[in-house]
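Protein chains in written order, with our numbering: chain A, 6 to 204; chain B, 6 to 631.
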């Protein structure tokens, strides 16, 4: 692969306590990452998402003039917003950060074969580095917000939500399929633990 | 209930159903159909004169069918709104109600369904649960023995506003029962029906036992349980109170209930696990604590709102710990038992939590959404050159693409949800999806298959379901062999046939194409587009001389961690059963044809570079060098 000379990728390998570090050695993974094209910096941390981990990323971006970041840690569902915000604070476009899931999709499912889990982590990171090399800065799309809400279902949860939204001054439609609201709750006699009437 | 009706900011749309939901966070357009009541709400005073003269009686669902209602009626006296409704399925149109209503003139037989479209910024789904129907459990005799009832029926029988004005009677003879047995976990914690714990049944059973004991102190009450679960604040004390009151707790799930044909008394057979003894208890009344189950139309609601469902069928939260009231769709939140069985305190809490999450959006003037949308390169789009194409238009589930011959296709950014379906559909590589470009995907693929590709399973996963399913396998620690390498895109519709072919060109041992089940697709019809596309590819792969078992298509939901682990394990076993030389030779054989097909990619210099470099490492590379 030919990568532009300008690429300066930092790779961050999280240990996640023993969740990742108990199966593979993050330092070994980081050593490998340093050999990848475009990677100029790599480090590990016990908890990359913690303050010390995030601070390290932010400092490195500035100190090592990083223009791409790969965080090898957990699922995007868990911490993509965290690390996007982290790199943005250091002035990097958040879409130049790529996460590689070496926890849910590696160490948590391959604990029985740690050597192969290590190989998988290395290859996953190589793929993340390859992808981020082609990432482009993106600007979020700003959309207007209609300041009304809809609650579907007029049982106890829906009524509770609608009243709270209403109290916040938000016009709320409470949609109920039946002829009257109240749901299952309205059918109940006295309810625990207070033993008072449910209506 | 009354507070909601009085609140100036809450507008109750009762007897109404959500028909469709369009749009995105901050900008939803919801179509709501209001069913006709045949009564003008503003003119109905709730006096009930109409119901008194109505000659038709039908079972009242609110009273669990234990009491009648009229063809024009309200479900119960405290109904909010207190507006009468005619049940047209049973009304004989005698018009006695019209006469009784008189000058109020509230009855209107010509009323029709009203459809309205409402603009809202956020939606909370609080559609609740329904009760498991115990008739399917043959050994308990519900529906056969009159004195076997459900807890919901008991709620109405001991309710002072209920059909017996709060006097508990046996259905068989109207006599006050001297004894009662309550059976727990009916339809829950039972692999035949639902594996999950229904959560609040222990507490309502104890509540019912205490209420009955207070009402009829001499009543002998036994509760048959598997485990008593009273984890919330004050609940264990409540349980202890019941024991002090003399309510008998028997540790065992009854195996059978039989009936005395003369007295209609019941015999409950169970093993008391504490004593290690089989017992047979004669009782006047049996109350089944039926499980909470998802609403029958949960799948339909899920599709309308692009939600996901957990293994038990309840709506699934975005993240079980960190985002427990968010749905997978931004701007849509979950509250109450629709998300999982919940008691009243938990439902109220979650209602408030969902309101706060929704207010987080609604208190802002604008909201930022991810710019992972599609865009057309007008220099490449053949439509701009006057060629009739437009293949991208039907690939978009949101109608975001317009294409007029002579002009390049155009994507309306605000309408694009970023599935990438159009990108994969375009035969000329003229459309690209930000953050999931062809170049990025092929670059990943190349790295993942750099070493020993023939020993690997390359897995294409969609963000919302199959990759979430793989995450779920991780969270659940379901182990599987470390042979797979994943590439995540937003939707299976983004997956190009050529990605699969490129994987084989790179020498992959196996390829898995995975996405949502059709009803779970986050992009309405994205999965269906992908399913068709890859069904076609199966034939092509065979024609290329690649064994069909080396390419597998699986739809895996976000909840199916077990399935993800199983699929990879099975594929790994299949791969190990294949002859390595055969894989290499198949890949060699297919390579030239795939190369020819992927020629279009080479129009992009970056793609050409990615494909060319390392060609000598590819199977058959030595022939290419010649």
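Every residue, glycine too, gets a C-beta built ideally from N, C-alpha and C.
Quantities reported herein were computed from a predicted structural model and do not represent experimental measurements.
Applying a beta-carbon distance threshold of less than 7 Å, which residues of chain A neighbour residue i?
i	result
residue 31 of chain B	148, 149, 150 and 151
residue 155 of chain B	Here the premise fails: no neighbours, minimum Cβ distance about 12 Å.
How big is the Cα-Cα spacing for residue i and residue j?
i	j	result
residue 407 of chain B	residue 427 of chain B	12 Å
residue 203 of chain B	residue 508 of chain B	45 Å
residue 529 of chain B	residue 361 of chain B	28 Å
residue 154 of chain B	residue 292 of chain B	5 Å
residue 73 of chain B	residue 178 of chain B	18 Å
residue 466 of chain B	residue 446 of chain B	12 Å
residue 112 of chain A	residue 585 of chain B	27 Å
residue 280 of chain B	residue 209 of chain B	26 Å
residue 97 of chain B	residue 61 of chain B	8 Å
residue 208 of chain A	residue 336 of chain B	Here chain A covers residues 6 to 204 and nothing more, so residue 208 of chain A does not appear.
residue 4 of chain A	residue 359 of chain B	Outside the modelled stretch of chain A, which goes from 6 to 204, sits residue 4 of chain A, for which no answer is possible.
residue 144 of chain A	residue 315 of chain B	34 Å
residue 223 of chain B	residue 250 of chain B	11 Å
residue 444 of chain B	residue 495 of chain B	16 Å
residue 260 of chain B	residue 192 of chain B	13 Å
residue 33 of chain A	residue 374 of chain B	37 Å
residue 238 of chain B	residue 159 of chain B	25 Å
Taking the Cβ atom as the reference point for each residue, do residue i and residue j lie within a distance shorter than 8 Å?
i	j	result
residue 129 of chain B	residue 163 of chain A	yes
residue 108 of chain A	residue 78 of chain A	yes
residue 216 of chain B	residue 194 of chain A	yes
residue 382 of chain B	residue 437 of chain B	yes
residue 69 of chain A	residue 45 of chain A	yes
residue 632 of chain B	residue 171 of chain A	There is simply no residue 632 of chain B to check, as chain B begins at 6 and stops at 631 in what is shown.
residue 517 of chain B	residue 551 of chain B	no
residue 123 of chain A	residue 29 of chain A	yes
residue 252 of chain B	residue 221 of chain B	no
residue 294 of chain B	residue 187 of chain B	yes
residue 46 of chain B	residue 88 of chain B	yes
residue 486 of chain B	residue 573 of chain B	yes
Near residue i, which residues of its chain fall below 6 Å by C-beta distance, leaving aside the five closest residues on each side in sequence?
i	result
residue 27 of chain B	34
residue 276 of chain B	257 and 283
residue 525 of chain B	313, 470 and 562
residue 121 of chain B	37
residue 555 of chain B	515
residue 606 of chain B	612
residue 80 of chain B	67
residue 497 of chain B	467, 520, 532 and 535
residue 117 of chain B	41
residue 458 of chain B	511, 512 and 513
residue 565 of chain B	474
Tell me which residues share the same chain as residue i and place their Cβ nearer than 7 Å to its Cβ, disregarding the 5 neighbours each side in the sequence.
i	result
residue 234 of chain B	202 and 207
residue 175 of chain B	152, 182, 289 and 290
residue 17 of chain B	9, 10 and 86
residue 202 of chain A	195
residue 176 of chain A	153
residue 357 of chain B	none
residue 111 of chain B	44, 45, 48 and 49
residue 76 of chain B	59, 61, 63, 91, 92, 95 and 96
residue 432 of chain B	396
Taking residue i as the query, report the chain A residues whose CB atoms sit under 8 Å from its CB, ordered along the chain.
i	result
residue 370 of chain B	149 and 150
residue 485 of chain B	114 and 115
Can you give me the Cβ contacts of residue i inside the same chain, cut-off strictly under 8 Å, excluding the 5 residues immediately before and after it?
i	result
residue 631 of chain B	Reliability of the predicted coordinates at residue 631 of chain B is poor, the pLDDT of 29 falling under 50, and no value is obtained from them.
residue 395 of chain B	388, 408, 410 and 414
residue 510 of chain B	592, 595, 596, 599, 600, 603 and 623
Along chain B, in chain order, which residues have C-beta atoms closer than 8 Å to that of residue i?
i	result
residue 183 of chain A	19, 20 and 80
residue 162 of chain A	131, 133, 340, 341, 342, 343, 347, 352, 353, 355, 356 and 359
residue 33 of chain A	Simply none; closest approach about 16 Å.
residue 88 of chain A	By Cβ distance, chain B contributes nothing, its closest Cβ being about 15 Å from residue 88 of chain A, past 8 Å.
residue 40 of chain A	None at all; the shortest Cβ gap to chain B is about 13 Å.
What in chain B is Cβ-close to residue i, meaning under 9 Å?
i	result
residue 60 of chain A	Correct list: empty, because the minimum Cβ distance to chain B is about 22 Å.
Just to make sure I have the definition right: I need the residues of chain A whose C-beta is within less than 9 Å of the C-beta of residue i. Which are they?
i	result
residue 209 of chain B	193, 196 and 197
In chain B, what lies closer than 7 Å to residue i by C-beta?
i	result
residue 121 of chain A	487
Checklist entry - Enumerated in chain order, which unbroken segments of the beta strand (DSSP E) with a length of 3 residues or greater are wholly contained in the segment 50–106 of chain B? => result 62–64 and 73–75
Next on the checklist: Threshold first: 4 residues or longer. Then list the alpha helix (DSSP H) segments lying entirely within the segment 336–378 of chain B, N to C.
Outcome noted: 349–367
Next on the checklist: As an exercise, report each continuous beta strand (DSSP E) stretch of at least 3 residues that is fully enclosed by the segment 503–532 of chain B, in chain order.
Outcome noted: 515–520
Checklist entry - Going along the chain, which unbroken runs of the alpha helix (DSSP H) with 4 or more residues stay wholly within the segment 28–54 of chain A? => result 31–39
Item to check | Any beta strand (DSSP E) of 3 or more consecutive residues that is wholly inside the segment 93–118 of chain A | outcome: 102–106
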